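K.L.:
Let me give you the structure first, and then I'll get to my questions.
Protein chains in written order, with our numbering: chain A, 59 to 581; chain B, 101 to 883.
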């Protein structure tokens with residue numbers, strides 16, 4: 059029974075066990091992409107490398123048999139760097155967007171393609187739930203948002219972008235007009251209360267998300283009615299007040315308390331508030347520097363000075379967001395996004411978690427398309443022109459129009475963004491996908507298979523699908539085609555993936571460590 | 101409809117097992133000139149070969165083509181020697197002349213398909229192009245159109261008379277006289293075949309019964325075609341760079357026609373010839389040389405011929421002659437008098453280390469295979485030499501097939517192997533032919549087959565031809581290839597000694613290693629160990645090429661310094677330029693600067709200076725060679741040859757190449773050098789096999805010794821004037837207005853201006869170098 063040392067810990071394993079087996083016995087988590095229990099290790103991805111101390115070399119732990127006296131390094135910066143480099147190399151040739159460009163451009167990071175997929179099959183409620191995960195006031199924004207998402211839409215380069223903003227308004231207004239308006243569920247009250255100064259998009263959004271987490275929220279405003287700039291700066295012909303009231307109403311129903319016509323600094327001091335509440339959020343909109351200073355907060359040229367990740371001001375427990383921290387911001391959606399981000403920080407602060415702000419997810423991006431690639435996106439969407447609402451913009455889209463418009467979405471996102479191991483490890487190891495950017499493969503999208511989509515550009519050549527197909531007795535199956543940097547997985551004789559994988563397509567999807575093979579019906 | 105009966109025949113001949121896929125595909129391709137899908141389908145229907153296997157294998161090896169080729173295939177050699185001598189410019193010229201678009205490889209008429217080939221192994225003729233079987237060497241871009249028309253002109257002739265290798269007429273021996281002529285691939289490429297024909301014809305004419313004997317490589321590639329006349333009682337006479345028209349005069353000079361009438365007739369015809377013979381007579385004296393000639397003496401003097409014993413003296417496939425010179429004595433000695441353990445002990449004593457590059461102790465490897473459990477063991481001769489700039493193995497296989505077989509047989513006896521393979525690169529047809537003939541001869545004479553040399557021990561050898569994948573030189577990839585799979589290396593251990601071919605214990609050694617074994621067994625371990633240094637014993641064969649005056653195939657004792665090799669054997673740098681560096685070990689090796697040329701040939705010493713012994717390519721570089729370009733060149737090769745398995749090699753080498761290409765194009769960024777170094781280290785430390793592990797060496801060594809040159813590129817300068825994007829061609833005031841440059845410029849970048857200074861339009865200029873070559877007054881300058 060060989061004994062070895064991993065990260066200074068002794069371990070004894072069965073003869074023939076690998077270093078990975080040994081590490082797992084010790085409860086160490088070594089990342090793997092190409093390795094799968096029960097299959098031949100292909101030693102391809104190299105993210106499971108460890109260093110054998112006396113040989114000075116990195117070896118793939120999944121296939122290196124543990125030997126007596128081996129000294130293995132797993133948790134050192136050098137090994138992490140080797141793994142990071144492997145991930146960065148894989149990402150440098152990973153032709154895929156984890157999230158769609160529209161999603162990425164949205165300050166609130168709303169999952170637009172998912173919303174649109176729901177709309178196209180008539181699941182308007184699911185569409186709304188998707189929207190409201192990130193946007194508390196979708197109907198309001200549906201009227202006034204300048205839609206950076208549409209600016210980023212890939213389809214813009216082909217004809218015109220999908221009408222995302224109107225579609226979002228469509229699902230929100232359908233909901234508002236329904237008998238049972240969607241009210242998200244609330245966690246049981248946690249006994250903590252948050253004071254929010256300001257009832258504009260930032261304050262309202264923060265309240266919406268904090269309430270769901272079980273916080274008590276009190277919103278202060280010196281105006282008569284809540285809404286801030288949305289009510290007092292946007293003309294009503296652009297944003298009907300009944301829409302605004304309806305969405306504020308939902309936040310009221312969630313349990314928000316509004317203390318209107320109360321001016322902090324005059325009627326109440328910040329100090330007094332701080333004592334009353336577990337945390338405060340300053341969401342007053344643009345403040346005079348002197349105004350902020352009188353509150354005892356530091357300012358910069360952009361407004362109240364905050365930590366850019368956590369939104370906490372220089373005073374612990376006091377947060378600030380929205381135009382209070384970004385002078386001259388014109389984007390209501392930016393303010394709404396700030397509100398949600400501040401809510402996440404406040405929750406961390408109040409629950410004693412490390413205050414880190416919104417965890418930054420890892421995104422891989424294709425970036426600029428090369429000639430001929432856009433067409434490969436376009437073929438899978440409806441070829442219709444962008445819909446102009448028959449009843450005029452003020453009436454929004456009809457149900458039929460919405461469906462048709464949603465069909466225009468190119469669905470640039472990855473259906474396996476949440477199941478992709480490459481992305482997970484890239485996040486953990488803080489890989490920079492642009493570090494080795496260079497010559498890359500051409501984007502391809504194969505959807506002839508009834509259940510499965512194949513995007514070869516995301517393949518990391520681990521060969522698991524080839525092994526599965528070959529074991530299952532698929533008649534054609536899959537094979538590596540070519541070699542070296544240009545190697546790819548394909549079906550013999552240039553057949554389609556539908557012919558190659560008649561039996562084990564879904565099994566291959568489950569084994570595929572990236573989004574190269576994904577299920578069609580994963581919304 | 102394609103006639104598939106040929107496919108059925110091939111299958112009948114090769115069998116139906118999955119492992120015979122490569123020979124089947126090779127036969128199909130040779131017949132149809134590509135792999136038609138119908139033929140492949142047929143193979144799947146009638147054999148155990150699956151569509152998955154056929155798709156994987158046929159796309160892995162670069163020999164296989166899936167679309168029809170032009171009538172003639174033009175192989176442009178991109179070996180190291182050819183690269184530094186302008187292969188890129190030749191390629192540009194070919195594409196331009198044949199009007200082939202960048203993304204294609206065949207001209208519009210379907211006449212020529214142009215393919216890059218890693219190395220044709222004719223490094224001393226660089227740059228080299230091979231059209232079908234015809235080799236053209238020492239080319240300049242300007243010569244490309246002439247080369248193509250010459251090829252087509254002679255095409256008809258070849259169609260009529262076939263493509264046979266020249267074989268000298270059978271003439272009974274007259275005393276001990278013979279005329280030896282080197283007929284290795286390089287020699288043939290330089291016209292030895294025609295010389296041989298003319299020699300035979302001239303002898304027929306005289307009636308003198310003297311054998312014209314083809315011999316293996318003499319090593320003096322810079323002097324070929326080389327003819328040596330041996331007459332009893334006289335010193336051998338050597339003629340170098342012999343042209344066909346010289347051959348007759350050589351014969352006349354040495355051999356008097358027999359019989360009065362013949363002599364008379366001969367006299368008449370020669371007197372008729374006399375009018376224009378004069379020049380040829382002069383040619384004879386010009387080319388005449390002997391071994392005391394200072395040039396030849398310098399080239400040969402310091403060499404020691406062990407692996408290449410009887411260099412230039414013996415007929416490669418004449419078994420009788422090999423036996424006469426003591427061949428197979430060593431094998432008999434081993435089989436009859438020594439136990440396998442004693443053989444291994446002797447090899448261990450000799451200090452012999454693997455000549456394939458890594459230098460693993462040979463005897464130790466043998467003992468591992470010997471100790472491995474199992475009735476069935478295999479032995480393999482690794483002849484998949486693919487390094488650009490190396491042709492040692494080809495020469496050994498072509499020139500000394502029996503010696504290699506004997507070495508293999510001794511090794512097989514020692515380790516207990518009974519089955520074996522020669523794995524030989526597909527690009528070496530002559531080597532394959534000679535080994536095949538030699539195996540047959542040995543079987544007939546009882547040196548291979550059952551009960552060898554009267555013992556109870558059997559050994560069967562067969563040939564497996566590679567299909568164009570450099571990585572198959574890596575032993576685990578080579579095994580995969582013999583087993584009929586994609587040549588992908590796997591993680592070791594297990595080593596082939598424990599689990600090799602079909603999972604059985606397998607000994608794999610390089611050609612040169614085996615070639616040294618008979619000498620060791622015959623002369624003793626001590627005699628071998630007397631050559632060399634403390635840890636590197638014996639001799640090493642090198643292919644000396646590049647900017648050296650006398651290129652060739654040499655065998656030197658270990659411990660000789662690189663400077664001795666370059667300056668004494670190689671005669672220093674050709675053309676009076678400054679010696680800059682030696683590239684040792686090809687794409688796995690490194691560049692050793694001239695300042696370190698005192699480094700001896702020794703495994704450890706070469707590794708210490710950032711190179712490796714490698715398989716023996718020595719490419720000499722001068723001041724006109726850009727070291728960044730050299731690094732880029734090698735990386736381009738390795739990244740193209742990567743099997744694509746592990747991330748570090750598959751993507752890492754590509755990213756390193758991206759950075760190098762950027763630097764060569766003057767678009768490098770400041771942090772590029774650090775990133776390049778970082779990647780190089782990780783690719784080196786983490787890749788699965790030797791190809792990836794050593795691929796960064798050319799980059800690391802040039803970064804180490806020539807960092808200044810990299811930095812110059814970052815500033816937009818190529819000090820050697822090599823990197824196209826960073827240089828400009830201009831005309832100096834020396835211009836006499838002769839218009840030759842304007843006439844020859846293939847892209848009309850130089851307007852005709854008789855008696856005036858010419859000018860080059862930098863936007864049109866493609867840096868093809870034709871004008872500079874052609875200018876009679878050296879008025880074209882690169883800035």
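C-beta atoms are modelled at their ideal positions from N, C-alpha and C, and glycine is treated no differently. Here the structure is a predicted model, which means the values were calculated and not measured.
Against chain B, which members of the segment 239–258 of chain A pass a CB distance test of less than 9 Å?
P.N.:
Result list empty, no residue passes.
K.L.:
To test your reading of the DSSP string, which unbroken beta strand (DSSP E) runs of 3 or more residues are found completely within the segment 785–867 of chain B?
P.N.:
Fully enclosed beta strand (DSSP E) runs of 3 or longer: 829–831.
K.L.:
If we call anything under 9 Å between Cβ atoms a contact, is residue 251 of chain B one with residue 236 of chain B?
P.N.:
For the purposes of this step, residue 251 of chain B is identified with residue 151 of the second chain, where counting begins at 1. For the purposes of this step, residue 236 of chain B is identified with residue 136 of the second chain, where counting begins at 1. The answer is yes: Cβ separation under 9 Å.
K.L.:
What separation, rounded to the nearest whole angstrom, lies between the Cα atoms of residue 550 of chain A and residue 525 of chain A?
P.N.:
One-based indexing of the first chain puts residue 550 of chain A at position 492. One-based indexing of the first chain puts residue 525 of chain A at position 467. Cα-Cα distance, rounded: 14 Å.
K.L.:
Find the nearest neighbour of residue 502 of chain B within the set B/540, B/492 and B/491, judged by alpha-carbon distance.
P.N.:
In the second chain, the residue the question calls residue 502 of chain B occupies position 402. It is B/540 whose Cα lies nearest to the Cα of residue 502 of chain B.
K.L.:
Along chain B, which residues have their Cβ under 7 Å away from the Cβ of residue 440 of chain A?
P.N.:
Here residue 440 of chain A refers to the residue found at position 382 when the first chain is read from its first residue. What residue 440 of chain A touches in chain B: nothing, since even the nearest Cβ is about 33 Å away.
K.L.:
Looking only at its chain, what residues have a beta carbon closer than 6 Å to the beta carbon of residue 256 of chain B, apart from the 5 residues adjacent to it on each side?
P.N.:
As a working mapping, residue 256 of chain B is identified with position 156 in the second chain. Closer than 6 Å at the Cβ level, and outside the excluded window around residue 256 of chain B, lies no residue.
K.L.:
Are there three or more Cβ pairs, one per stretch, closer than 8 Å when the segment 211–231 of chain B is compared with the segment 169–178 of chain B?
P.N.:
Counting Cβ pairs under 8 Å, three or more are found: they touch.
K.L.:
Would you decide whether residue 132 of chain A is buried or exposed? Buried here means 16 or more other CB atoms lie within 10 Å of its CB.
P.N.:
Residue 132 of chain A sits at position 74 when you count from the first residue of the first chain. It is buried - the Cβ of residue 132 of chain A has at least 16 other Cβ atoms within 10 Å.
K.L.:
What are the residues of the segment 143–156 of chain B that lie near chain A, defined by any Cβ-Cβ distance shorter than 7 Å?
P.N.:
For the segment 143–156 of chain B, which is checked against every Cβ of chain A, the residues closer than 7 Å are 151, 152, 154, 155 and 156.
K.L.:
Using 9 Å as the limit for Cβ to Cβ distance, is residue 273 of chain A near chain B?
P.N.:
Position 215 of the first chain, counting from 1, holds the residue named residue 273 of chain A. Taking Cβ atoms only, chain B never reaches closer than 9 Å to residue 273 of chain A, which makes this a no.
K.L.:
Could you tell me whether the Cβ atoms of residue 109 of chain A and residue 71 of chain A are closer together than 9 Å?
P.N.:
Along the first chain, one-based indexing puts residue 109 of chain A at 51. Along the first chain, one-based indexing puts residue 71 of chain A at 13. For residue 109 of chain A and residue 71 of chain A, no; Cβs fall outside 9 Å.
K.L.:
Assign residue 519 of chain B to buried or exposed, taking buried as 16 or more other Cβ atoms, counted over all protein chains shown, within 10 Å of its Cβ.
P.N.:
Residue 519 of chain B sits at position 419 when you count from the first residue of the second chain. So residue 519 of chain B counts as buried.
K.L.:
Report the residues of the segment 104–116 of chain A with a CB closer than 9 Å to any CB of chain B, ordered along the chain.
P.N.:
Those residues of the segment 104–116 of chain A that come within reach of chain B (Cβ to Cβ, closer than 9 Å) are 104, 105, 107, 109, 114, 115 and 116.
K.L.:
In chain order, what residues of the same chain lie with their CB nearer than 7 Å to the CB of residue 343 of chain A, ignoring the 5 residues before and after it?
P.N.:
Your numbering for residue 343 of chain A matches position 285 in the first chain. These residues qualify, in order along the chain: 256, 258, 286, 287, 380, 381 and 382.
K.L.:
Using a beta-carbon distance below 9 Å, is residue 140 of chain A in contact with chain B?
P.N.:
The residue labelled residue 140 of chain A in the question sits at position 82 within the first chain. Interface residue, yes.
K.L.:
List the endpoints of the continuous beta strand (DSSP E) containing residue 337 of chain A.
P.N.:
Here residue 337 of chain A refers to the residue found at position 279 of the first chain. Here the beta strand (DSSP E) through residue 337 of chain A covers 337–340.
K.L.:
Would residue 101 of chain A count as contacting chain B if we go by Cβ distances under 9 Å?
P.N.:
As a working note, residue 101 of chain A is residue 43 in the first chain. Yes - at least one Cβ of chain B is within 9 Å of the one on residue 101 of chain A.
K.L.:
Could you compute how far the alpha carbon of residue 885 of chain B sits from the alpha carbon of residue 689 of chain B?
P.N.:
As shown, chain B starts at 101 and ends at 883. That puts residue 885 of chain B outside it, with no answer to give.
K.L.:
Check whether chain B comes within 9 Å of residue 304 of chain A, counting only Cβ atoms and requiring the distance to be less than that.
P.N.:
What you label residue 304 of chain A is simply residue 246 of the first chain in a count that begins at 1. Chain B, which has no Cβ nearer than 9 Å to the Cβ of residue 304 of chain A, makes this no.
K.L.:
At the level of alpha carbons, what is the spacing between residue 541 of chain A and residue 523 of chain A?
P.N.:
Within the first chain, the letter at position 483 stands for residue 541 of chain A. Within the first chain, the letter at position 465 stands for residue 523 of chain A. Taking the straight line joining both Cα atoms gives about 17 Å.
K.L.:
Answer yes or no: does any C-beta atom of chain A fall closer than 9 Å to that of residue 850 of chain B?
P.N.:
Position 750 of the second chain holds residue 850 of chain B. No - not a single Cβ of chain A is within 9 Å of the one on residue 850 of chain B.
K.L.:
Look at residue 773 of chain B and residue 811 of chain B and say whether their C-beta atoms are less than 9 Å apart.
P.N.:
Sequence index remark: in the second chain, residue 773 of chain B carries index 673 (1-based). Sequence index remark: in the second chain, residue 811 of chain B carries index 711 (1-based). It is a contact, given that the beta carbons lie within the stated cut-off.
K.L.:
Where does residue 364 of chain A fall in DSSP's three states?
P.N.:
Residue 364 of chain A sits at position 306 when you count from the first residue of the first chain. It is a strand residue.
K.L.:
9 Å is my cut-off, CB to CB: does residue 357 of chain A come that close to chain B?
P.N.:
In the first chain, counting from the first residue as 1, residue 357 of chain A sits at position 299. For residue 357 of chain A, the answer is no, since every Cβ of chain B falls outside 9 Å of its Cβ.
K.L.:
Could you compute how far the alpha carbon of residue 228 of chain A sits from the alpha carbon of residue 168 of chain A?
P.N.:
Start at 1 with the first residue of the first chain, and residue 228 of chain A comes out as number 170. Start at 1 with the first residue of the first chain, and residue 168 of chain A comes out as number 110. Their backbone Cα atoms lie some 15 Å apart in a straight line.
K.L.:
Please confirm whether residue 595 of chain B has its beta-carbon closer than 9 Å to some beta-carbon of chain A.
P.N.:
The residue given as residue 595 of chain B occupies position 495 in the second chain. With 9 Å as the cut-off, residue 595 of chain B does not count as an interface residue toward chain A.
K.L.:
Can you check which of these residues, A/442, A/322 and A/500, is closest to residue 429 of chain A by C-alpha distance?
P.N.:
Counted from its first residue, the first chain places residue 429 of chain A at position 371. The candidate whose alpha carbon is nearest that of residue 429 of chain A is A/500.
K.L.:
So, helix, strand or coil for residue 72 of chain A, using DSSP?
P.N.:
Walking along the first chain from the start, residue 72 of chain A turns up at place 14. Here residue 72 of chain A sits in coil by DSSP.
K.L.:
Please state whether DSSP places residue 352 of chain A in a helix, a strand or coil.
P.N.:
As a first step, residue 352 of chain A must be located in the first chain, where it is residue number 294. Helix at residue 352 of chain A.
K.L.:
To the nearest angstrom, report how far apart residue 81 of chain B and residue 512 of chain A are at their CA atoms.
P.N.:
Chain B is shown only over 101 to 883; residue 81 of chain B falls outside these bounds and no answer can be derived.
K.L.:
Among B/865, B/636 and B/727, which one has its Cα closest to the Cα of residue 693 of chain B?
P.N.:
Translated into the one-based positions of the second chain, residue 693 of chain B becomes position 593. The option with the nearest alpha carbon to residue 693 of chain B is B/727.
K.L.:
Quick one: residues in its chain with C-beta nearer than 6 Å to the C-beta of residue 406 of chain A, no 5 flanking neighbours on either side, listed in chain order?
P.N.:
For this step, residue 406 of chain A is matched to residue 348 along the first chain. Excluding positions up to five away in sequence, the list reads 413.
K.L.:
Do the CB positions of residue 278 of chain B and residue 334 of chain B come within less than 9 Å of each other?
P.N.:
In the second chain, counting from the first residue as 1, residue 278 of chain B sits at position 178. In the second chain, counting from the first residue as 1, residue 334 of chain B sits at position 234. The answer is no: Cβ separation not under 9 Å.
K.L.:
Report all residues from its chain with a CB closer than 6 Å to the CB of residue 386 of chain B; omit the five preceding and five following residues, and keep chain order.
P.N.:
Taking the first residue of the second chain as 1, we reach residue 386 of chain B at position 286. Low confidence applies here, because residue 386 of chain B scores a pLDDT of 43, under 50, leaving its location unreliable; read the following figure in that light. Hits under 6 Å: none found.
K.L.:
With distances taken from CA atoms, which of B/670, B/351, B/287 and B/761 is nearest residue 304 of chain B?
P.N.:
For the purposes of this step, residue 304 of chain B is taken as residue 204 along the second chain, with counting starting at 1. If we check each option's Cα against that of residue 304 of chain B, B/351 comes out closest.
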